[in-house]
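Input: a single structure, listed below in structure tokens.
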Amino acid sequence: MPVVSEATGEQPNAVAASDGALKNHRRSPWRMTLQFLAVLLVVFLIPVSVSYVRDLTGPGHDSFAARTVQWVRDHHMGSFVDWAERHWFSQHQAKVGGEPDLDAVGPNIAGAVDVPSTSSSTAATVVPDSASTGPGVTGPGSPTPTAPSTTAAVLRRLPPPTPLTSPSPEPFKGEGQWTGFGPLVDGLPGAYATTVRPDIEHSAISIGVVWFDPAAVRFRLFPGDNSPSRPWDRPPYVPVPDRKSLLAAFAGGFRLNESHGGMLLGGKEIRPMRVGAATFAFGLDGKPLLGNWGVEVPINGEYDSVRQNLDLIVDDGEMNPLLETDPNNQWGFTGPSNNSYVWRSGVGILPDGAIVWVGGNGLSVVSLAKVFVRIGAERAMQLEINREWVQLNTYTLTPEGKIFGKRLLTGMRGPDNRWLDRDTRDFVAVFARPELQP
Numbered sequence: 000m001p002v003v004s005e006a007t008g009e010q011p012n013a014v015a016a017s018d019g020a021l022k023n024h025r026r027s028p029w030r031m032t033l034q035f036l037a038v039l040l041v042v043f044l045i046p047v048s049v050s051y052v053r054d055l056t057g058p059g060h061d062s063f064a065a066r067t068v069q070w071v072r073d074h075h076m077g078s079f080v081d082w083a084e085r086h087w088f089s090q091h092q093a094k095v096g097g098e099p100d101l102d103a104v105g106p107n108i109a110g111a112v113d114v115p116s117t118s119s120s121t122a123a124t125v126v127p128d129s130a131s132t133g134p135g136v137t138g139p140g141s142p143t144p145t146a147p148s149t150t151a152a153v154l155r156r157l158p159p160p161t162p163l164t165s166p167s168p169e170p171f172k173g174e175g176q177w178t179g180f181g182p183l184v185d186g187l188p189g190a191y192a193t194t195v196r197p198d199i200e201h202s203a204i205s206i207g208v209v210w211f212d213p214a215a216v217r218f219r220l221f222p223g224d225n226s227p228s229r230p231w232d233r234p235p236y237v238p239v240p241d242r243k244s245l246l247a248a249f250a251g252g253f254r255l256n257e258s259h260g261g262m263l264l265g266g267k268e269i270r271p272m273r274v275g276a277a278t279f280a281f282g283l284d285g286k287p288l289l290g291n292w293g294v295e296v297p298i299n300g301e302y303d304s305v306r307q308n309l310d311l312i313v314d315d316g317e318m319n320p321l322l323e324t325d326p327n328n329q330w331g332f333t334g335p336s337n338n339s340y341v342w343r344s345g346v347g348i349l350p351d352g353a354i355v356w357v358g359g360n361g362l363s364v365v366s367l368a369k370v371f372v373r374i375g376a377e378r379a380m381q382l383e384i385n386r387e388w389v390q391l392n393t394y395t396l397t398p399e400g401k402i403f404g405k406r407l408l409t410g411m412r413g414p415d416n417r418w419l420d421r422d423t424r425d426f427v428a429v430f431a432r433p434e435l436q437p
């Protein structure tokens with residue numbers, strides 16, 4: 000008959016066995032290791048979670064997906080993001096063929112003015128691919144530029160740009176026809192916008208093209224809230240006092256740690272500059288230069304701000320030959336040979352000094368360069384990739400003095416009033432020149 004303890008009511012042997020099992024459990028090295036690892040995991044996840052939540056809830060207009068991608072890149076997982084993006088781009092190519100949606104071709108312009116184009120512009124006419132005989136070919140009757148492409152030589156107003164010819168034999172209504180916007184000076188605005196097909200294959204898509212006269216407008220670079228080297232000499236948005244002359248703003252280039260280049264703001268080096276990099280520079284008077292750093296853009300110049308991004312995609316009026324042979328080494332990863340047709344933007348300079356912005360869907364880095372060549376750009380650089388970042392807004396004041404904006408293309412993802420409050424990425428703002436204001 001088993002013996003039962005009077006104190007506990009349990010069998011002595013059972014109590015001893017239970018105590019022994021408890022001691023063995025407490026002393027198990029495996030269990031202690033698991034507990035230690037669990038504590039470490041919690042300690043690690045707390046700052047990681049805080050960092051992720053902070054990035055998700057920070058200022059700006061980036062989507063949840065975009066913030067997540069940037070956070071992953073910032074935590075040394077860029078290779079995974081590149082792989083995921085290449086896969087996504089391969090499954091989401093721009094539509095080939097078809098007709099454009101006439102209700103969405105744009106351009107959408109705030110403060111548009113009805114001023115007809117003239118045929119005396121130094122801007123070249125776009126011609127269909129099939130009619131081209133080589134890089135830089137212009138349309139019939141296009142004038143030959145005579146002024147050098149340095150903004151120091153732009154001493155008078157440029158005539159309006161001539162209409163762009165569609166690559167398609169059947170242009171949609173208004174395709175390539177310019178609409179002026181901004182304050183009138185001597186009866187002419189300082190900026191014009193239009194839409195045109197990127198090429199004959201993507202016939203259902205229209206991209207935006209915006210032309211700026213540097214004699215009538217001034218340019219200035221602003222940081223994004225995530226730009227390095229705080230404090231800056233300017234905020235990450237257009238200041239209120241400057242908004243009365245604001246015409247347009249557009250997204251800058253790649254994030255600086257991925258741009259293979261640098262940035263200057265108010266004489267301060269935000270990121271080290273690279274000799275030979277594609278460079279968009281703005282003098283103290285807001286006049287632009289665009290070219291290679293150390294060649295067309297002097298290293299020792301006096302600048303209000305400078306932005307570099309990768310290498311030029313057009314130089315001396317011709318497409319960079321490396322685009323066809325090794326684009327993934329320099330211009331981003333968007334599929335094999337960087338030939339995915341996605342949202343992209345770029346900026347170029349014409350021989351007369353006019354600045355032209357191009358952006359929209361259905362563009363590979365090669366086709367973006369070809370658009371600039373057909374327009375007649377002497378040099379051009381890519382700015383952004385991805386619908387999240389490719390954006391240009393125009394702005395105007397109401398009679399009550401309130402400012403409002405419009406996205407150039409309805410497919411652009413950011414809000415109409417982007418850059419009037421804090422944004423994550425740097426951007427370029429375009430203002431009417433104060434000396435030309437009535």
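Mapping the sequence shown onto numbering that gives the first Met the number 0, position 161 (from 1) lands on 160, and the numbers just tick up by one.
Even for Gly, the Cβ is constructed at its ideal location relative to N, Cα and C.
Using the C-alpha atoms, what's the distance from GLU98 back to GLU323? As a working mapping, residue 323 is identified with position 324 in the sequence shown. As a working mapping, residue 98 is identified with position 99 in the sequence shown. Distance between the alpha carbons of GLU323 and GLU98: 29 Å.
So the beta strand (DSSP E) ALA277 belongs to, where does it begin and stop? Looking up residue 277 in the sequence shown gives position 278. Here the beta strand (DSSP E) through ALA277 covers 277 to 282.
Around the Cβ of GLY404, are there at least 16 other Cβ atoms within 10 angstroms (buried) or fewer (exposed)? Locating residue 404 in the sequence shown gives position 405, where the first residue counts as 1. With 16 or more Cβ atoms within 10 Å of its Cβ, GLY404 is classed as buried.
Looking at the structure shown, is ILE269 part of a helix, part of a strand, or coil, going by DSSP? The residue you call residue 269 lines up with position 270 of the sequence shown. Secondary structure at ILE269: strand, using DSSP grouped into helix, strand and coil.
PRO287 - DSSP class collapsed to helix/strand/coil: For the purposes of this step, residue 287 is taken as the residue at position 288 of the sequence shown. Here PRO287 sits in strand by DSSP.
Have a look at LEU419 and ALA93 and give me their C-alpha separation to the nearest angstrom. For the purposes of this step, residue 419 is identified with residue 420 of the sequence shown, where counting begins at 1. For the purposes of this step, residue 93 is identified with residue 94 of the sequence shown, where counting begins at 1. Distance between LEU419 and ALA93, taken at the CA atoms: about 31 Å.
Proximity test, Cβ basis, 8 Å: ARG406 and chain C: Among the protein chains of the structure shown there is no chain C, as only one such chain exists.
Could you give the residue range of the beta strand (DSSP E) that holds ILE374? Working through the sequence shown from its first residue, we reach residue 374 at position 375. Run containing ILE374: none in the beta strand (DSSP E); it sits in the alpha helix (DSSP H), 364 to 374.
Please report how far the alpha carbon of VAL427 lies from the alpha carbon of GLU169, in whole angstroms. Reading the sequence shown from its first residue, position 428 is the one you call residue 427. Reading the sequence shown from its first residue, position 170 is the one you call residue 169. Rounded to whole angstroms, the gap between the alpha carbons of VAL427 and GLU169 is 35 Å.
Taking ILE204 as the reference, give the member of ARG270, PRO414, TYR340 with the closest Cα. By 1-based counting over the sequence shown, the position of residue 204 is 205. The option with the nearest alpha carbon to ILE204 is TYR340.
VAL294, DSSP secondary structure in three states: Taking the sequence shown and counting its residues from 1, one reaches residue 294 at position 295. VAL294: coil per DSSP, three-state reduction.
Taking DSSP as the reference, what is the three-state secondary structure of ASN385? Translated into positions along the sequence shown, residue 385 becomes position 386. Looking at ASN385 - three-state DSSP - the assignment turns out to be coil, as it is neither helix nor strand.
Check for me: the alpha helix (DSSP H) holding LEU321 runs from which residue to which? The count along the sequence shown starts at 1 and reaches residue 321 at position 322. Here the alpha helix (DSSP H) through LEU321 covers 321 to 324.
Between which two residues does the beta strand (DSSP E) harbouring ARG343 extend? Mapped onto the sequence shown, residue 343 falls at position 344. Taken as a continuous stretch (DSSP letters only), the beta strand (DSSP E) holding ARG343 covers 341 to 348.
What does DSSP give as the partner residues of SER304 in its beta bridges? As a position in the sequence shown, residue 304 is number 305, starting the count at 1. Paired residues: LEU264, PHE281.
When the Cα of ILE206 is compared with those of THR193, ILE199, PRO213, which residue comes out closest? Mapped onto the sequence shown, residue 206 falls at position 207. The residue among THR193, ILE199, PRO213 with its C-alpha nearest the C-alpha of ILE206 is THR193.
C-alpha gap between ARG417 and PHE221, whole angstroms: Start at 1 with the first residue of the sequence shown, and residue 417 comes out as number 418. Start at 1 with the first residue of the sequence shown, and residue 221 comes out as number 222. It is roughly 13 Å from the alpha-carbon of ARG417 to the alpha-carbon of PHE221.
Please classify ASP351 as buried or exposed, where buried requires at least 16 neighbouring CB atoms within 10 angstroms. As a first step, residue 351 must be located in the sequence shown, where it is residue number 352. Around the beta carbon of ASP351, a 10 Å sphere encloses 16 or more other beta carbons of the protein chains shown; the residue is thus reported as buried.
Tell whether a beta-carbon distance below 8 Å holds between PRO227 and LEU255. Numbered from its first residue, the sequence shown carries residue 227 at position 228. Numbered from its first residue, the sequence shown carries residue 255 at position 256. Taking 8 Å as the Cβ cut-off, PRO227 and LEU255 qualify as a contacting pair.
Is the beta carbon of ASP303 closer than 8 Å to that of GLY290? Residue 290 sits at position 291 when you count from the first residue of the sequence shown. Residue 303 sits at position 304 when you count from the first residue of the sequence shown. No, these two residues do not count as a Cβ contact at 8 Å.
Would PRO213 be called buried (16 or more neighbouring beta carbons within 10 Å of its own) or exposed? Residue 213 sits at position 214 when you count from the first residue of the sequence shown. Under this definition PRO213 is a buried residue.
Straight-line CA distance for GLU317 to ASP425? As a working note, residue 317 is residue 318 in the sequence shown. As a working note, residue 425 is residue 426 in the sequence shown. Put simply, the backbone Cα of GLU317 is about 28 Å away from that of ASP425.
Please report the Cβ distance between VAL112 and ARG156, rounded to the nearest whole angstrom; I am assuming they are in contact, meaning their Cβ atoms lie under 8 Å. Along the sequence shown, read from residue 1 onward, the residue named residue 112 stands at position 113. Along the sequence shown, read from residue 1 onward, the residue named residue 156 stands at position 157. Actually they do not touch by this definition, with Cβ atoms about 15 Å apart.
Assess, as a yes-or-no matter, whether the region 391 to 411 is touched by the region 239 to 255 under the definition of 3 or more beta carbon pairs within less than 8 Å. Contact between the region 239 to 255 and the region 391 to 411 is present, because at least three Cβ pairs lie under 8 Å.
From VAL216, GLY173, LEU349, pick the residue whose C-alpha is nearest to that of ARG196; which is it? For this step, residue 196 is matched to residue 197 along the sequence shown. The residue among VAL216, GLY173, LEU349 with its C-alpha nearest the C-alpha of ARG196 is GLY173.
Look up VAL351 in the DSSP assignment and say whether it is helix, strand or coil. Taking the sequence shown and counting its residues from 1, the one referred to as residue 351 is at position 352. Checking the sequence shown, residue 351 turns out to be Asp, not Val. Taken through DSSP and simplified to helix, strand or coil, ASP351 comes out as coil.
Which residue or residues does DSSP assign as beta-bridge partners of TRP356? Your numbering for residue 356 matches position 357 in the sequence shown. TRP356 is bridged by DSSP to VAL209, VAL346.
Alpha carbon to alpha carbon, how far is ARG306 from ASN319? Taking the first residue of the sequence shown as position 1, residue 306 is located at position 307. Taking the first residue of the sequence shown as position 1, residue 319 is located at position 320. Each residue's alpha carbon lies about 20 Å from the other.
Figure out for me which residue from LEU187, GLY105, ARG270, VAL95 has the closest Cα to the Cα of GLY358. Stepping through the sequence shown from its first residue, residue 358 is reached at position 359. With distances taken between Cα atoms, GLY358 lies closest to GLY105.
Give me the Cβ distance between ARG343 and LEU367, rounded to the nearest whole Å; I'm assuming they're in contact under 8 Å. Along the sequence shown, read from residue 1 onward, the residue named residue 343 stands at position 344. Along the sequence shown, read from residue 1 onward, the residue named residue 367 stands at position 368. That belief holds up - the Cβ atoms of ARG343 and LEU367 are roughly 5 Å apart, short of 8 Å.
So for ARG242, helix, strand or coil by DSSP? Here residue 242 corresponds to residue number 243 of the sequence shown, with the count starting at 1. Collapsing the DSSP output to three states places ARG242 in a helix.
Which one of GLU383, ILE384, LEU391, ARG373 has the shortest CA to CA distance from LEU163? The residue labelled residue 163 in the question sits at position 164 within the sequence shown. The residue with the shortest Cα to Cα distance from LEU163 is ARG373.
I'd like the list of long-range same chain contacts for ALA6, defined as Cβ closer than 8 Å, with 5 residues on each side in sequence excluded. Position 7 of the sequence shown holds residue 6. The pLDDT assigned to ALA6 is 47, lower than 50, so where the model puts this residue is not dependable; a value taken from the coordinates is nonetheless given after this. Leaving aside the five residues that flank ALA6 on each side, none in its chain has a CB nearer than 8 Å to its CB.
Taking the CB atoms as reference points, tell me whether PHE430 and VAL216 lie closer together than 8 Å. Taking the sequence shown and counting its residues from 1, one reaches residue 430 at position 431. Taking the sequence shown and counting its residues from 1, one reaches residue 216 at position 217. In contact: PHE430 and VAL216 (Cβ atoms closer than 8 Å).
Cβ neighbour criterion (16 or more within 10 Å) applied to ASN299: On the sequence shown, residue 299 is found 300 positions in, with the first residue counted as 1. So ASN299 counts as exposed.
Given GLY96 as reference, the closest of LEU187, PHE171, ALA109, ILE199 once Cα atoms are compared: Counting from 1 along the sequence shown, the entry for residue 96 is found at position 97. A check of alpha carbon separations from GLY96 across LEU187, PHE171, ALA109, ILE199 identifies ILE199 as the nearest.
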